[in-house]
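Novice: Protein chains in written order, with this note's numbering: chain A, 16 to 478; chain B, 8 to 228. Sharing a structure with you now.
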């Protein structure tokens, strides 16, 4: 597969999109997905006392828990976004990225960042920042990589003529925010600021990573893929504007809601709670816009798999944000903070929304990149249903047991009692996790067979 | 402005981020910058933790000599600070802070279970950079942990938690030891010191909070 043929809709004679690079980003993402699944499984087995690898340093559940989150954030989600951006940005601007060589360099550099993060964590060098455990010596390299990403993609955006489509608003903002967030979270609390201030910055980092890196790229790509696949424009441009600017204003202000009832000043905590509730209203406008768009062609959500992934993700997105508006109130926090409720919430966001959307993009793009149909649509269906059912089961169990744990603590039960009541739910979590893993195995196998098919079809004419 | 490159780049991207950074990041930083400037680890060494540190030397003389050295009245504070700092590194690297929090909230009857509610001044030191608040409690909160249990309890517990707390789901940390809980290595000694340091600045160190939550552990002790 040396020469990738251009898709029929590309301008003849140009190489607008680096197909092979998009494909490689997606494949890398899926490889890290399995690292993340392994980490999650080790931690889940440890919590139910079934861990067969007890007492082995390099299988320490504490370290693999950090690989679990970092592999999904920086391995899967970041790689999949970079692949999708390499597809979407040149098409939206009709200009290629700054440099092909730079694109390949970024690809390789990012894999070095992700792999050395995993190795660093395995050797016990994690940094004390949630979602940013990347060892401190990798941080500058990752930061440089993020700057290069911004330059590479901002070039075509700056060169383009005419009005910008909604997706590009989100992308521009995301490139700025991701760099600022990464710099703020990884350097300030490590070297300059201690204690309460570091807590505030750490809370902002956790939330900005979701709200200002993953969310704008995710929505930007939804604004691109959904109308293209449905072959109709977004329902309301005004709501697109409200959604973008509302998110831009309120999302950065919510960070401290991760540390309510800490010694962080109370007036700042109230501010974060109010902003979080405001975000929920903004999110509702975005959701209305997307459901207004699919209105009248709802059947595509059943027949068209990428659209189904996207809209399932949007339902989960609405649920997480709704949950967020309640759970950040001080009333809820008193009970559910520190409990598995939060773990359930995090899985619903990271897996149920963003990973689902990226699966949708992969299902849509792989046939276009590799110029062949999927090996098996039935396996694609299995992938969808196992992931959706597994995730629903997992978050239901975790959110429910979170409430039980919170009340158990509040009644001053023995600490061990909160572990004992969690056991059945943690067993359900393992079962749900295994269902999810089975789904991903279906996808990986399907992808491998599709790749073999593509090699055959490409070679056939020349043979 | 709302749909232009510069509007999005400067207002939404840089502007709103900066606003949030000032409002919810810079404000708490500046509030405490003068009142509670960051203390060094050595300033956080106090009488309580030195008692525990000397006890550690008495209980594990050989590993202590090998990894930390001999304590003298002149060097013990510096050595203790260095050990706590290394203990924090182990605590961070092993991800302890993902299952143990380090703050007592004024709600959910936490004062009865853990002790006095956490205050800002407790965190304004080098050993809370990055701050170890934590976001999940699979196991107990640790900010008032120091002094509640003996050094050898911690050693046995890190080696095999279930031997002391049968229902615990904490992993075994065999790699903090040279084959037996009687022989902690540098990481084991450092982490035990760090555990005993947590809360050592409180006037009521060594207080046993008599909530039910503590009963079982005390019984085992």
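We put the beta carbon where it would ideally sit given N, CA and C, even for glycine.
Using a 10 Å radius around the Cβ and a threshold of 16 neighbouring Cβ atoms, would you call residue 129 of chain B buried or exposed?
Specialist: As a working mapping, residue 129 of chain B is identified with position 122 in the second chain. By the neighbour-count rule (16 or more Cβ atoms within 10 Å), residue 129 of chain B is buried.
Novice: Taking Cβ-Cβ distances shorter than 7 Å, what residues in chain A pair up with residue 165 of chain B?
Specialist: One-based indexing of the second chain puts residue 165 of chain B at position 158. Within chain A, no residue comes near residue 165 of chain B; the closest Cβ sits about 11 Å away, beyond 7 Å.
Novice: Check the C-beta distance from residue 333 of chain A over to residue 298 of chain A and give it rounded, since I have them as a contact under 8 Å.
Specialist: To locate residue 333 of chain A, count along the first chain from 1; it is residue 318. To locate residue 298 of chain A, count along the first chain from 1; it is residue 283. Right, their Cβ atoms sit about 7 Å apart.
Novice: Can you tell me the Cα-Cα spacing of residue 93 of chain B and residue 195 of chain B, whole angstroms?
Specialist: Locating residue 93 of chain B in the second chain gives position 86, counting from the first residue. Locating residue 195 of chain B in the second chain gives position 188, counting from the first residue. Using only the alpha carbons, I get a separation of about 10 Å.
Novice: Residue 210 of chain B versus chain A: which residues are under 7 Å apart at the beta carbon?
Specialist: In the second chain, counting from the first residue as 1, residue 210 of chain B sits at position 203. Within 7 Å Cβ-Cβ: nothing; residue 210 of chain B doesn't reach chain A, min ~18 Å.
Novice: Could you check what DSSP says for residue 191 of chain B in three-state terms: helix, strand or coil?
Specialist: If you number the second chain from 1, residue 191 of chain B lands on position 184. Strand at residue 191 of chain B.
Novice: Go ahead and pull the three-state DSSP assignment for residue 136 of chain B.
Specialist: If you number the second chain from 1, residue 136 of chain B lands on position 129. Reduced to three states, the DSSP call for residue 136 of chain B is coil.
Novice: Cβ atoms of residue 120 of chain A and residue 233 of chain A: under 8 Å apart, would you say?
Specialist: Within the first chain, residue 233 of chain A is the residue found at index 218, counting from 1. Within the first chain, residue 120 of chain A is the residue found at index 105, counting from 1. Note that the C-beta distance between residue 233 of chain A and residue 120 of chain A is not below 8 Å.
Novice: Please determine if the stretch 140-157 of chain A and the stretch 192-205 of chain A are in contact, where contact requires at least 3 C-beta pairs separated by less than 8 Å.
Specialist: yes
Novice: Between which residues of its own chain and residue 131 of chain B is the CB-CB distance below 8 Å, once the five residues before and five after are set aside?
Specialist: What you label residue 131 of chain B is simply residue 124 of the second chain in a count that begins at 1. The residues are 39, 43, 44, 45, 46.
Novice: Is any beta-carbon of chain A found at less than 8 Å from that of residue 104 of chain B?
Specialist: Locating residue 104 of chain B in the second chain gives position 97, counting from the first residue. Taking 8 Å as the threshold, the shortest C-beta distance from residue 104 of chain B to chain A falls below it.
Novice: If you draw a straight line from the C-alpha of residue 383 of chain A to the C-alpha of residue 458 of chain A, how long is it?
Specialist: As a working note, residue 383 of chain A is residue 368 in the first chain. As a working note, residue 458 of chain A is residue 443 in the first chain. Approximately 17 Å between the Cα atoms of the pair.
Novice: Classify residue 202 of chain B as buried or exposed, calling it buried when 16 or more other Cβ atoms lie within 10 Å of its own Cβ.
Specialist: Position 195 of the second chain holds residue 202 of chain B. Burial call: buried.
Novice: Applying a beta-carbon distance threshold of less than 7 Å, which residues of chain A neighbour residue 15 of chain B?
Specialist: Mapped onto the second chain, residue 15 of chain B falls at position 8. Simply 184, 187, 188.
Novice: Count the other CB atoms, across all protein chains shown, that sit within 10 Å of the CB of residue 187 of chain B; report buried if there are 16 or more and exposed otherwise.
Specialist: The sequence position of residue 187 of chain B within the second chain is 180, counting from 1. By the 10 Å Cβ count, residue 187 of chain B comes out exposed.
Novice: Can you give me, in chain order, the residues of the stretch 56-71 of chain A that have a beta carbon less than 7 Å from any beta carbon in chain B?
Specialist: Of all residues in the stretch 56-71 of chain A, only 61, 62, 64, 69, 70 come within less than 7 Å of chain B when Cβ atoms are compared, listed by chain position.
Novice: Specify, as a first and last residue, the run of the alpha helix (DSSP H) that residue 214 of chain A falls within.
Specialist: Here residue 214 of chain A is taken as the residue at index 199 of the first chain, counted from 1. Its alpha helix (DSSP H) spans residues 210-223.
Novice: Hey, would you say residue 143 of chain B sits closer than 8 Å to residue 220 of chain A, going by beta carbons?
Specialist: Here residue 143 of chain B corresponds to residue number 136 of the second chain, with the count starting at 1. Here residue 220 of chain A corresponds to residue number 205 of the first chain, with the count starting at 1. Their beta carbons are not under 8 Å apart, which means residue 143 of chain B does not touch residue 220 of chain A by this criterion.
Novice: Check the DSSP bridge columns for residue 46 of chain B and list the partner residues they point to.
Specialist: Taking the second chain and counting its residues from 1, one reaches residue 46 of chain B at position 39. Paired residue(s): B:132.
Novice: Is DSSP giving residue 30 of chain A helix, strand or coil here?
Specialist: As a first step, residue 30 of chain A is located in the first chain; it is residue number 15 there, counting from the start. In this structure, residue 30 of chain A counts as coil in the three-state DSSP scheme.
Novice: Going along the chain, which residues of the stretch 24-41 of chain B sit with their C-beta nearer than 9 Å to a C-beta in chain A?
Specialist: 24, 25, 26, 27, 28, 30, 31, 32, 33, 34, 35, 36, 37, 38, 39, 40
Novice: Taking 8 Å as the CB-CB cut-off, is residue 174 of chain B touching chain A?
Specialist: For the purposes of this step, residue 174 of chain B is identified with residue 167 of the second chain, where counting begins at 1. At least one chain A Cβ lies under 8 Å of residue 174 of chain B.
Novice: Compute the Euclidean distance between the alpha carbons of residue 222 of chain A and residue 190 of chain A, then round it to the nearest angstrom.
Specialist: Taking the first residue of the first chain as position 1, residue 222 of chain A is located at position 207. Taking the first residue of the first chain as position 1, residue 190 of chain A is located at position 175. The straight-line gap from Cα to Cα measures roughly 16 Å.
Novice: Can you tell me where the alpha helix (DSSP H) holding residue 336 of chain A begins and where it ends?
Specialist: Translated into positions along the first chain, residue 336 of chain A becomes position 321. Residues 320-342.
Novice: Could you check which residue in A:380, A:428, A:324 has the C-alpha nearest to that of residue 403 of chain A?
Specialist: Taking the first residue of the first chain as 1, we reach residue 403 of chain A at position 388. Among A:380, A:428, A:324, the Cα nearest to that of residue 403 of chain A belongs to A:324.
Novice: Kindly say whether residue 274 of chain A, judged by its beta-carbon, lies nearer than 8 Å to any beta-carbon of chain B.
Specialist: Reading the first chain from its first residue, position 259 is the one you call residue 274 of chain A. True, the Cβ-Cβ gap to chain B drops below 8 Å.
Novice: Give the residues of chain B in contact with residue 277 of chain A, contact being defined as C-beta atoms less than 8 Å apart.
Specialist: Here the question's residue 277 of chain A lines up with position 262 in the first chain. Ordered by position in chain B, the residues that pass the 8 Å Cβ test against residue 277 of chain A are 110, 112, 125, 140.
Novice: Whose C-alpha, out of B:68, B:28, B:110, B:61, is nearest the C-alpha of residue 82 of chain B?
Specialist: Working through the second chain from its first residue, we reach residue 82 of chain B at position 75. It is B:61.
Novice: My understanding is that residue 57 of chain A touches residue 76 of chain A, with C-beta atoms under 8 Å, so please give their C-beta distance in whole angstroms.
Specialist: Working through the first chain from its first residue, we reach residue 57 of chain A at position 42. Working through the first chain from its first residue, we reach residue 76 of chain A at position 61. That belief holds up - the Cβ atoms of residue 57 of chain A and residue 76 of chain A are roughly 5 Å apart, short of 8 Å.
Novice: Does DSSP put residue 444 of chain A in a helix, a strand or coil?
Specialist: Against the first chain, residue 444 of chain A aligns to sequence position 429. Correct three-state label for residue 444 of chain A: helix.
Novice: Does residue 349 of chain A have its Cβ less than 8 Å from a Cβ in chain B?
Specialist: Taking the first chain and counting its residues from 1, the one referred to as residue 349 of chain A is at position 334. With 8 Å as the cut-off, residue 349 of chain A counts as an interface residue toward chain B.
Novice: In whole angstroms, give me the CA-to-CA distance for residue 315 of chain A and residue 322 of chain A.
Specialist: One-based indexing of the first chain puts residue 315 of chain A at position 300. One-based indexing of the first chain puts residue 322 of chain A at position 307. Roughly 7 Å between the two C-alpha positions.
Novice: Suppose you measure from the CA of residue 244 of chain A to the CA of residue 303 of chain A; what does that come to, to the nearest Å?
Specialist: Locating residue 244 of chain A in the first chain gives position 229, counting from the first residue. Locating residue 303 of chain A in the first chain gives position 288, counting from the first residue. As the crow flies, the alpha-carbon of residue 244 of chain A is around 18 Å from that of residue 303 of chain A.
Novice: Taking 8 Å as the threshold (C-beta atoms), are residue 350 of chain A and residue 416 of chain A in contact?
Specialist: In the first chain, residue 416 of chain A corresponds to position 401, counting from 1. In the first chain, residue 350 of chain A corresponds to position 335, counting from 1. No, the pair does not count as a contact, with Cβ atoms beyond the cut-off.
Novice: If you measure between the beta carbons of residue 110 of chain B and residue 108 of chain A, is that distance less than 8 Å?
Specialist: On the second chain, residue 110 of chain B is found 103 positions in, with the first residue counted as 1. On the first chain, residue 108 of chain A is found 93 positions in, with the first residue counted as 1. No, the pair does not count as a contact, with Cβ atoms beyond the cut-off.
Novice: At 7 Å on the CB atoms, spell out the chain A contacts of residue 69 of chain B, in chain order.
Specialist: Walking along the second chain from the start, residue 69 of chain B turns up at place 62. Residue 69 of chain B does not reach chain A, its nearest Cβ partner there being about 22 Å away, counting only Cβ pairs nearer than 7 Å.
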